[in-house]
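Structure record follows, encoded as structure tokens.
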Amino acid sequence: MKKLLLIAPFALLLTACGTPSVDDMVEDQELLAEVSLECTKLMMEGKDTNTEECKNAALAQQKVVENMTKGLMDQLGN
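If you use mature numbering (1 follows the signal peptide of the UniProt record, and there is no 0), the sequence shown corresponds to residues -21 to -1, 1 to 57, in order.
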């Protein structure tokens, strides 16, 4: 039982430091910009950008554009 109590905080820390989710990046535009910049640099260096982080950034960018478009359309419709 004591070992479990010692291991649990470390497991939580490891999961907290994982790849940012699409929703995390949609909510935090600065994070999205940083990850997008990293992925662009990787691409320019000819390195692999087929990572979960780069995929999530691309999906987050799509979602942001969709949200902005929807907001504009709603404003025009009112």
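Each residue gets a CB set at the ideal place from its N, CA and C atoms; glycine is no exception.
For a cut-off of 8 angstroms, the C-beta gap from Leu11 to Met4 is around 4 angstroms, short enough to register as a contact. Cα atoms of Asp2 and Glu31: separation of roughly 14 angstroms, rounded to the nearest angstrom.
Shown here, Asp2 sits in a helix according to DSSP, grouped into three states. Asn46 carries a helical assignment under DSSP once its states are collapsed to helix, strand and coil.
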